[in-house]
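Same order as they appear, the protein sequences are chains A and B. FYI, numbering that gives the first Met the number 0 numbers position 130 of the first sequence as 129, with every residue one higher than the one before it. FYI, numbering that gives the first Met the number 0 numbers position 155 of the second sequence as 154, with every residue one higher than the one before it. Heads up: the structure comes next, in structure tokens.
Protein chains: 2
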Amino acid sequence: MDFIHPRAAAAVADLGARLGTKLVTNATVREQHSHDESWHRGPLPDAVVLAESKEDVQTAVSICAEHRVPMIPFGAGSGLEGQVIVMQGGVSIDTSRMTKIIAVRPADLDCTVEAGVTRQQLNVYLRDQGLFFPIDPGAEATLAGMAATRASGTNAVRYGTMREATLALEVVLPDGRMIKTGTRSRKSAAGYDLTRLFIGAEGTLGIITELTLRLYGIPEHMAVAVCNFANVQEAVATVVETLQCGVPMSRIELADTAQIEDINLYSKTSLVESPTLFLEFAGSPAAVAEQVETVKALAEAHGGSDFAWAKTEEDRRALWQARHNAAYASVARRPGCKLLATDACVPISRLVECITETQKDLANSIIRAPIVGHVGDGNFHLNVILDPNDPTEVEEGKRISKNLANRAIAMEGTCTGEHGIGIGKMSYLKHELGDAIDVMKGIKAALDPHNLMNPGKVFV
Amino acid sequence: MDFIHPRAAAAVADLGARLGTKLVTNATVREQHSHDESWHRGPLPDAVVLAESKEDVQTAVSICAEHRVPMIPFGAGSGLEGQVIVMQGGVSIDTSRMTKIIAVRPADLDCTVEAGVTRQQLNVYLRDQGLFFPIDPGAEATLAGMAATRASGTNAVRYGTMREATLALEVVLPDGRMIKTGTRSRKSAAGYDLTRLFIGAEGTLGIITELTLRLYGIPEHMAVAVCNFANVQEAVATVVETLQCGVPMSRIELADTAQIEDINLYSKTSLVESPTLFLEFAGSPAAVAEQVETVKALAEAHGGSDFAWAKTEEDRRALWQARHNAAYASVARRPGCKLLATDACVPISRLVECITETQKDLANSIIRAPIVGHVGDGNFHLNVILDPNDPTEVEEGKRISKNLANRAIAMEGTCTGEHGIGIGKMSYLKHELGDAIDVMKGIKAALDPHNLMNPGKVFV
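This is the structure in structure tokens:
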């Protein structure tokens with residue numbers, strides 16, 4: 000076969016000799032590893048390693064390092080900014096078969112898992128023990144992938160992101176050495192915060208093989224409702240006031256009318272097709288009752304409807320599943336089209352203005368882009384659905400995305416709250432953080448002097 | 000005057016020319032900048048820059064960099080591991096005069112402050128707006144110093160540490176460039192987490208000039224009590240069960256009998272002299288009542304006394320002030336003696352065992368070391384009080400400290416929960432994180448290739 004990278008042939012031969020059938024070069028598997036769930040596309044990797052253990056990862060990395068062949072970490076392939084795309088040839092190192100839950104320690108509310116464990120796999124495993132792991136991007140991502148992109152989701156308003164949820168990582172460095180970045184202690188002032196450095200490094204500094212994560216007790220009582228508004232602005236104002244009142248919301252999510260239409264079609268729900276808040280309250284029954292009373296009053300003052308409650312545990316799950324599938328729902332409405340996901344996050348006081356300006360931009364556009372978001376964090380997405388083969392649509396999608404990133408940055412926010420930079424937001428990162436990029440590049444050069452680990456990502 | 004560092008004379012001349020009276024070389028000021036609040040001691044710095052603005056810091060750093068003279072950031076001098084000590088000569092750069100509160104944004108629950116603002120200065124400023132900043136080491140530290148050491152305190156069990164409380168930093172790099180590490184957005188996936196990298200770097204990667212911090216609304220209702228136990232083990236067991244029940248404690252702190260004796264003498268309190276928990280509950284009145292009921296039942300099961308409530312706001316403040324002054328109280332009991340503070344932090348399930356083993360070690364020792372700690376985080380301190388001129392005491396203090404660090408590490412914990420490594424815990428860091436130290440050294444070399452920024456700290 001033909002290899003893209005000039006030194007790939009020799010590396011693949013060595014990988015095959017050491018890893019046997021865990022080294023795969025067939026076109027189907029390579030195609031699966033050439034993209035994520037977004038509109039970004041790249042060439043096929045030269046080969047794929049289907050690692051089954053940290054030792055396999057270490058072997059693969061050592062061989063690639065020796066041959067100076069690029070290596071690209073791969074989890075579930077559910078990213079949204081092309082982080083898993085092979086830019087210049089090289090080997091995709093897939094950790095999704097590393098699915099052992101190594102230890103769950105209820106007394107310490109923590110666990111240790113292999114890189115390929117997914118968020119739902121972990122939560123199914125934990126449920127009988129009354130525990131859960133809160134970080135929940137829409138996709139069924141691997142936990143290592145979630146750490147690599149600093150993912151969050153609907154629970155971040157209460158529980159934080161992968162940054163707060165991770166106690167320690169085990170990482171294979173670009174030269175094949177393996178390190179532990181921390182311990183199981185809840186806090187530490189011991190040296191540089193390498194755990195947080197690898198979280199959000201998007202696989203450019205090493206490959207995560209193991210994670211030690213914080214867990215939480217499933218709340219005694221939960222109540223889930225939806226509430227409809229005349230417009231997105233009234234809905235968001237309700238969220239802002241709820242947070243300013245200090246109500247410890249468990250989840251508080253927004254979808255606009257277009258998004259609700261897509262959800263109803265895809266998930267066979269019959270939600271009222273208007274701007275909607277999805278609300279989850281948790282705690283003791285008395286605490287929940289207090290929270291509900293406060294938020295109801297705020298919603299009413301903004302013309303919100305009566306709360307429509309999910310009556311059973313099954314209803315509750317179905318509602319959140321529908322919310323998690325929102326992006327898939329929008330993609331499904333236009334077969335053959337792909338998702339360009341924006342990911343602006345702004346200080347909450349600017350959120351109404353940011354969404355309003357964005358709606359004005361969309362009103363004049365050929366693009367349909369439902370709005371959905373973690374508004375409690377100031378974070379929302381336009382699910383820009385476009386035909387990747389239509390240059391006009393692609394250009395318009397990019398224009399909308401760029402305008403929104405610039406708008407968020409001008410409001411002291413960020414171009415990406417939870418998806419990462421990948422290959423899609425590199426120019427925005429420079430605009431957002433300026434010379435700080437040089438510090439990032441210095442760190443990258445120190446840890447990966449030959450630029451072998453996921454090259455071509457994050458930095459311009 | 001004589002300079003320790005061979006290139007200090009030229010640098011000091013340039014600093015004086017540019018900074019005028021903000022460059023100080025008198026012996027009193029240099030002595031003040033030669034130590035922190037611990038037993039660690041070093042030589043005097045060659046000079047001190049009393050910076051009044053970020054521009055002063057940038058000027059000082061640029062000149063030191065040009066002359067390749069070491070520079071040592073200095074805040075309140077309240078550290079406990081010698082982080083501000085000048086090892087090989089050089090210039091102490093003091094940011095404690097940079098005390099502007101630049102912006103408070105109640106709607107976003109955040110603020111931006113200069114490096115030298117202290118935690119109490121900020122909280123006094125915020126009080127009228129119903130807001131507070133939760134991170135509270137015992138000392139009246141500067142916020143930049145607290146970020147540099149990844150400090151926490153009594154509120155960490157509920158609000159986290161400086162790691163969670165900081166949104167963004169402005170930092171002067173070792174070559175004099177200034178960067179912003181983040182934005183005001185609540186979460187971000189934009190590039191490497193430089194904010195978290197500088198938090199806990201102990202001034203070895205740059206000098207923090209400005210911080211953007213999260214704020215919180217002062218809870219609607221607070222209740223503070225002390226509860227006495229027959230021994231430390233029963234007290235800690237109560238804490239462990241409280242957390243395992245998911246009670247969202249605001250503060251839950253331990254002091255042993257020796258520590259209470261010292262507090263009573265120093266703070267003129269009349270606390271019962273037995274192992275004691277200091278408890279703070281916060282929330283709505285109903286939520287607080289629920290929490291109190293749960294914890295009371297747990298404490299009773301462990302032989303705890305009735306809760307003695309702080310009846311007024313003034314009582315509440317006095318009680319926490321006494322707790323914050325615990326280490327000073329122990330130092331004051333032996334004039335001329337100094338503090339060697341241990342800082343072990345372990346998974347909560349190991350805390351009783353860790354303290355029990357430590358007590359056994361102390362029982363056979365000439366050293367008196369009261370125990371006080373943030374047991375809700377698994378973190379506790381021995382306030383080892385020793386005569387720095389008595390080699391036997393110093394050796395014994397080091398032995399106790401080393402044994403405890405090793406014990407914590409063996410229990411999957413850390414040698415330092417919140418004080419940092421400085422010059423006091425370098426060998427423990429190596430033991431705790433192994434080859435990860437090499438990654439830290441690589442980052443240090445990349446950002447500070449001439450090893451000018453606070454050299455001789457953190458790494459062996």
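Think of the CB as a built atom: it goes at the ideal place given N, C-alpha and C, for glycine as much as any other residue. Quick caveat, the model's predicted, so the values are computed rather than measured.
- Within chain B, not a single residue places a beta-carbon under 7 angstroms from that of ALA326 of chain A; the smallest gap is close to 16 angstroms.
- Sequence-distant partners of SER273 of chain B (beyond 5 residues in either direction) whose C-beta falls short of 6 angstroms from its own C-beta, in its chain, are ASN227, THR256.
- Taken through DSSP and simplified to helix, strand or coil, SER249 of chain A comes out as coil.
- Here GLY396 of chain A is actually not in contact with ILE370 of chain A; their C-beta atoms are around 15 angstroms apart, not less than 8 angstroms.
- Contact of THR160 of chain A with chain B is assigned, a C-beta pair being separated by under 7 angstroms.
- Beta-carbon to beta-carbon, PRO387 of chain B and LYS337 of chain B are separated by about 5 angstroms, close enough to satisfy the 8 angstroms threshold.
- The beta-carbon of THR24 of chain B is placed no less than 7 angstroms from the nearest beta-carbon of chain A.
- Between ARG333 of chain B and GLY137 of chain B, the alpha-carbon positions lie close to 19 angstroms from each other.
- For MET86 of chain B, there are no neighbours in chain A by C-beta distance under 8 angstroms, as the nearest C-beta there is about 18 angstroms away.
- DSSP lists B:CYS226, B:LEU253 as the beta-bridge partner residues of LEU276 of chain B.
- Cβ proximity to chain A below 7 angstroms picks out nothing from the stretch 58 to 70 of chain B.
- Residues of the stretch 181 to 207 of chain A with a C-beta less than 7 angstroms from any C-beta of chain B: THR182, ARG183, SER184, ARG185, LYS186, SER187, ALA188, ALA189, GLY190, TYR191, ASP192, LEU193, ARG195, LEU196, ILE198, GLY199, ALA200, listed in chain order.
- When B:ALA331, B:GLY419, B:ASP305 are compared, the shortest CA-CA separation from ALA343 of chain B is found for B:GLY419.
- Contact fails between the stretch 421 to 431 of chain A and the stretch 165 to 175 of chain A, because fewer than three Cβ pairs, one in each stretch, are under 8 angstroms apart.
- For the stretch 408 to 424 of chain A, the residues whose beta carbon sits under 9 angstroms from a beta carbon of chain B are, in order, ILE408, MET410, GLU411, GLY412, THR413, CYS414, THR415, GLY416, GLU417, HIS418, GLY419, ILE420, LYS424.
- For ASN378 of chain A, the chain B residues whose Cβ falls inside 7 angstroms of its Cβ are LYS186, in order along the chain.
- Put simply, of B:ALA404, B:LEU130, B:ALA114 the residue whose alpha carbon is nearest the alpha carbon of ASP360 of chain B is B:ALA404.
- For the 7 angstroms CB-CB criterion, GLU252 of chain B and THR153 of chain B form a contact.
- For GLU352 of chain B, the enclosing alpha helix (DSSP H) begins and ends at 350 to 362.
- According to DSSP, ALA404 of chain A shares a beta bridge with no other residue.
- For GLY441 of chain A, the nearest CB of chain B lies under 7 angstroms from its own CB, placing it at the interface with that chain.
- Residue pairing from DSSP places HIS380 of chain B in a beta bridge opposite B:VAL371.
- If you check each beta-carbon in the stretch 270 to 300 of chain B against every beta-carbon of chain A, the ones closer than 8 angstroms belong to GLY282, SER283, ALA285, ALA286, GLU289.
- Listed in chain order, the non-local C-beta contacts of THR413 of chain A below 7 angstroms within the same chain comprise CYS344, ALA407, GLU431, local neighbours out to five positions each way being set aside.
- Relative to the Cα of ALA7 of chain A, the nearest Cα in the group A:ASP261, A:ALA64, A:ILE134 belongs to A:ALA64.
- Using a CB distance cut-off of 7 angstroms, ARG149 of chain A counts as an interface residue toward chain B.
- Here SER52 of chain A has MET97 as same chain residues with Cβ atoms under 7 angstroms from its own Cβ, once five neighbours each way along the sequence are excluded.
- Rounded to the nearest whole angstrom, the C-alpha separation of LEU214 of chain A and SER249 of chain A is 15 angstroms.
- For PRO105 of chain B, the three-state secondary structure derived from DSSP is helix.
- Per DSSP, the continuous beta strand (DSSP E) segment holding VAL170 of chain A begins and ends at 165 to 171.
- Collapsing the DSSP output to three states places PHE2 of chain A in coil.
- In the structure shown, the three-state DSSP call for PHE197 of chain B is helix.
- Chain-ordered, the chain B residues with CB closer than 8 angstroms to the CB of CYS344 of chain A read SER184, ARG185, LYS186, SER187.
- Chain A has no Cβ within less than 7 angstroms of the Cβ of VAL112 of chain B.
- The beta carbon of GLY245 of chain A sits closer than 7 angstroms to some beta carbon of chain B.
- Contact annotation: the stretch 292 to 303 of chain A does not touch the stretch 344 to 353 of chain A, with fewer than three C-beta pairs closer than 8 angstroms.
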